[in-house]
Amino acid sequence: MCGQSASAFGNGTEVFELPFLKVRNIGFDYFSSVMGLAGRGLVWRSAAQYLDGPLPVGEGILGLALLVFIALISIQIVRAIFTPWELAAEWNDLARRNFFCTATIASALLSLGLLTYNRYAAEALWGLGVSAQLIFLVFMIRHWFIEKVDHSELSPAWLIPMVGNASPSFAGVSLGYGPVCKVLLATSIFCWAAFMPLILYRIIFVNPKIPDRSMPGLAILVSAPAVLSVSIYSFTQSANDVVQILSWTSLFFAVVILSLGKRLIAAPFSRSWWAFTFPSTALASSLIRVYDSIPNQFNHYLAVIALYSCSVIAVYVASAALLVGLNSIRSQACLAKEKL
Numbered sequence: 000m001c002g003q004s005a006s007a008f009g010n011g012t013e014v015f016e017l018p019f020l021k022v023r024n025i026g027f028d029y030f031s032s033v034m035g036l037a038g039r040g041l042v043w044r045s046a047a048q049y050l051d052g053p054l055p056v057g058e059g060i061l062g063l064a065l066l067v068f069i070a071l072i073s074i075q076i077v078r079a080i081f082t083p084w085e086l087a088a089e090w091n092d093l094a095r096r097n098f099f100c101t102a103t104i105a106s107a108l109l110s111l112g113l114l115t116y117n118r119y120a121a122e123a124l125w126g127l128g129v130s131a132q133l134i135f136l137v138f139m140i141r142h143w144f145i146e147k148v149d150h151s152e153l154s155p156a157w158l159i160p161m162v163g164n165a166s167p168s169f170a171g172v173s174l175g176y177g178p179v180c181k182v183l184l185a186t187s188i189f190c191w192a193a194f195m196p197l198i199l200y201r202i203i204f205v206n207p208k209i210p211d212r213s214m215p216g217l218a219i220l221v222s223a224p225a226v227l228s229v230s231i232y233s234f235t236q237s238a239n240d241v242v243q244i245l246s247w248t249s250l251f252f253a254v255v256i257l258s259l260g261k262r263l264i265a266a267p268f269s270r271s272w273w274a275f276t277f278p279s280t281a282l283a284s285s286l287i288r289v290y291d292s293i294p295n296q297f298n299h300y301l302a303v304i305a306l307y308s309c310s311v312i313a314v315y316v317a318s319a320a321l322l323v324g325l326n327s328i329r330s331q332a333c334l335a336k337e338k339l
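First residue of the sequence shown: 0, per numbering that gives the first Met the number 0; consecutive thereafter.
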């Protein structure tokens, strides 16, 4: 029947299928959606604290992010048990390997969300995330050292594992792991400073140019300095000159990326579109913290605009994803009926 679930294990082609869903195809890049959700929840929590925004909005989004995170972790466990070769292929793909750290960054964000409710749960999730982050990053850099890497393979996605080292500071400082977070932040700043010029060189001077389907990944350029800004703020609890400079750098990249207009979404919707969601929340989070320290009208406008912009972007991407998903289900349902 159309919509009947099916499952098969071990034949390498149809592995653990749910209705209209092949679990083996759900890779770590899906965790970028959790980053966007969790980041948005934390931004609205900050808005409730600093901009008199509604608190339930942020908490509800954080709850949804946690549910999606648990679902995706469960799927990765299923993949590891029944299709380990799929995970190995994903890791061996230079482009997809970087997205393993989206799971660890998501865990860092969610640990901050949980800290308000249960310190032990937050600490457990934080510890697991940091451990996985270090393992992924060390092995990624090791691979870069020993593998042949072409200029054309450089992309903004390389910043995910490197700048991801700054994310443990969000909750780690409050959990009492300040010295550990400081070491991780230092490595993150070094990697960003070292690789950012190389990535810009790749984008501007190296052919072939970044394909249309990868254009949404340029938004990662916005998130890197914003994440560093928020991480440093976690230590200082004030927007010092470094925090402000990084926030303005993130804002500058946001303006540049927005100037690309329709070129950003020239290709049909794909999972790469989720790359728009977290950078916009990271920028909003950094600008809200700048406003908290320097509460003038200019900073207030920037913080509010960034807050609502990240929400509009999220609704747009989620709507596009829902539309594509419904069309896919409809197509497969019709195909199933034709086979009857």
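Ideal Cβ placement from N, Cα and C applies to all residues, glycine included.
Remember, predicted model here, so these are calculated numbers, not experimental data.
Burial state of residue i (16 or more Cβ within 10 Å)
i      : result
Asn239 : exposed
Gly2   : For Gly2, the predicted model reports a pLDDT of 41, less than 50, meaning its position is unreliable and no value from the coordinates is stated.
Gly216 : buried
Val137 : exposed
Gln342 : The requested residue 342 does not occur in the structure, where the chain is confined to residues 0 to 339.
Ala192 : exposed
Ile231 : buried
Phe251 : exposed
Arg96  : buried
Gly35  : buried
Arg23  : buried
Asn91  : exposed
Three-way DSSP call (helix, strand, coil) for residue i in this model
i      : result
Asn326 : helix
Glu152 : helix
Ala265 : coil
Ser292 : helix
Pro160 : helix
Ile25  : coil
Tyr315 : helix
Gly171 : helix
Asp258 : Sequence inspection shows Ser at residue 258; the Asp mentioned does not correspond to that position. Note: Ser258 maps to coil in three-state DSSP.
Ser310 : helix
Ser166 : coil
Tyr300 : helix
Gln181 : First, the residue type needs correcting, since residue 181 is Lys and not Gln in the sequence shown. Lys181: helix per DSSP, three-state reduction.
Lys336 : helix
Gln3   : The pLDDT assigned to Gln3 is 41, lower than 50, so where the model puts this residue is not dependable; a value taken from the coordinates is nonetheless given after this. Note: Gln3 maps to coil in three-state DSSP.
Nearest-angstrom beta carbon gap, residue j and residue i [assumed within contact, 8 Å]
i      : j      : result
Val303 : Leu50  : 7 Å
Leu153 : Ser168 : Between Ser168 and Leu153 the Cβ distance is about 26 Å, and since that is not below 8 Å, they are no contact.
Leu86  : Ser106 : Going by Cβ atoms, the distance from Leu86 to Ser106 rounds to 18 Å, so no, they are not a contact pair.
Leu111 : Leu66  : Contact doesn't hold; Cβ gap of about 17 Å is too wide.
Val179 : Gly171 : 7 Å
Val205 : Ser246 : Going by Cβ atoms, the distance from Val205 to Ser246 rounds to 29 Å, so no, they are not a contact pair.
Phe268 : Val323 : 5 Å
Ala37  : Leu108 : 4 Å
Runs of alpha helix (DSSP H) wholly within the segment 184–240 (minimum 4 residues, chain order) = Whole alpha helix (DSSP H) segments, 4+ residues: 219–235.
With contact counted as at least three CB pairs below 8 Å, one residue from each stretch, are the segment 146–159 and the segment 118–135 in contact?
-> Short answer: they don't touch.
List in chain order: all unbroken alpha helix (DSSP H) runs of 4+ residues lying wholly within the segment 33–121.
-> At a cut-off of 4 residues, the continuous stretches assigned as alpha helix (DSSP H) that sit fully inside the segment 33–121 are 54–81, 83–91, 93–96 and 100–114.
Check whether the segment 274–292 touches the segment 216–230, counting contact only when three or more Cβ pairs, one atom from each stretch, lie closer than 8 Å.
-> The segment 274–292 vs the segment 216–230: in contact.
Are the segment 89–107 and the segment 23–35 touching, with three or more C-beta to C-beta distances below 8 Å?
-> Pairwise C-beta distances place the segment 89–107 in contact with the segment 23–35, as three or more of them are shorter than 8 Å.
The segment 73–82 in contact with the segment 52–59 per 3-pair CB rule at 8 Å | No: the two stretches stay apart, fewer than three of their Cβ pairs being nearer than 8 Å.
Is there contact here, the segment 40–48 with the segment 66–80, by at least three beta-carbon pairs under 8 Å?
-> Because the criterion of three Cβ pairs below 8 Å is not met, the segment 40–48 and the segment 66–80 do not touch.
Would you call the segment 233–247 and the segment 284–302 touching, i.e. three or more CB-CB distances under 8 Å?
-> For the pair of segments examined, the segment 233–247 was found to touch the segment 284–302: the number of CB pairs separated by less than 8 Å reaches three.
Decide if the segment 202–218 is in contact with the segment 263–277; the criterion is three or more beta carbon pairs, one per stretch, under 8 Å apart.
-> With three or more CB-CB distances shorter than 8 Å, the segment 202–218 counts as touching the segment 263–277.
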